[in-house]
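Read in order, the letters of the sequence shown are residues -21 to -1, 1 to 130 in mature numbering (1 follows the signal peptide of the UniProt record, and there is no 0).
Everything on this sheet refers to the single structure shown next.
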Amino acid sequence: MSCTSTLLLLLSLALNRAVTAVQCFVGTNSARKISVEEPYCSFSITYKNDHCDSRPEVVLTDHGNPISDLSPFGVESLCYHTDNSVTCLCFGHLCNDQFNQKEILAMELLKPSSDPRLRRIIVCYLLNNHAHDVFSAKNFEVTASTQEDVG
């Protein structure tokens, strides 16, 4: 193999890796992109009480390990809740951004089996547009980093 062919092959592999890099947002009440090996991300919304009278704590994470219920060919998100909190896991590049959060939560509202407490949390979050607060310019970091940066 010639030197030129080897160089072209290496450049092609590097470009392919850059194009196929997947990312998740991470942060607590803020958002920062990180590169991940698997596109499993999550977001969690927690209110202090049963009322919508305070801003929620919003935690964005990468899930790290593949989730058997989530795949590119099946369910793209899965949500569960406790008293004042909802956590949603999702599959895909930046699937926990503010637009996907809204879509995932809206789909949860459409499910006839949704618990009233879950519905209340979702409605509070969507009506008050709290996703916008997390991704506002003062809370949003555009720099891409590696998973090791998060710890």
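Every residue, glycine too, gets a C-beta built ideally from N, C-alpha and C.
Nonlocal neighbours in the same chain, by C-beta distance under 7 Å from residue i, ignoring five residues either side
{"i": "Asp29", "result": "Asn63"}
{"i": "Ser93", "result": "Glu87"}
{"i": "His42", "result": "Tyr19, Cys20, Ser21 and Leu68"}
{"i": "Leu(-13)", "result": "Since pLDDT at Leu(-13) reaches only 44, below the 50 mark, its modelled position is unreliable, and the value read off the structure follows with that caveat. Once the five neighbours on either side are set aside, Leu(-13) has no close Cβ partner at all."}
CB of residue i within 8 Å of CB of residue j, strictly
{"i": "Tyr26", "j": "Ile100", "result": "yes"}
{"i": "Val5", "j": "Leu39", "result": "yes"}
{"i": "Leu57", "j": "Leu84", "result": "no"}
{"i": "Glu55", "j": "Phe70", "result": "yes"}
Residue i burial status per 10 Å Cβ neighbour count (16 or more: buried)
{"i": "Pro95", "result": "exposed"}
{"i": "Ser115", "result": "exposed"}
{"i": "Leu97", "result": "buried"}
Supposed contact pair residue j and residue i - C-beta distance, whole angstroms, cut 8 Å
{"i": "Ala(-1)", "j": "Ser21", "result": "At roughly 19 Å, the Cβ-Cβ gap does not stay under 8 Å, so Ala(-1) and Ser21 are not in contact."}
{"i": "Ala110", "j": "Lys81", "result": "6 Å"}
{"i": "Ser9", "j": "Asn118", "result": "4 Å"}
{"i": "Asn108", "j": "Cys31", "result": "Wrong, their Cβ atoms sit about 12 Å apart, outside the cutoff."}
{"i": "Gln2", "j": "His60", "result": "With a Cβ gap of about 26 Å, Gln2 and His60 do not count as contacting."}
Cβ neighbours of residue i in the same chain (closer than 6 Å, five flanking residues each side left out)
{"i": "Ser23", "result": "Val38 and Thr66"}
{"i": "Cys74", "result": "Cys20"}
{"i": "Glu36", "result": "Thr25"}
{"i": "Cys103", "result": "Cys31"}
{"i": "Thr7", "result": "Val38"}
{"i": "Asp112", "result": "none"}
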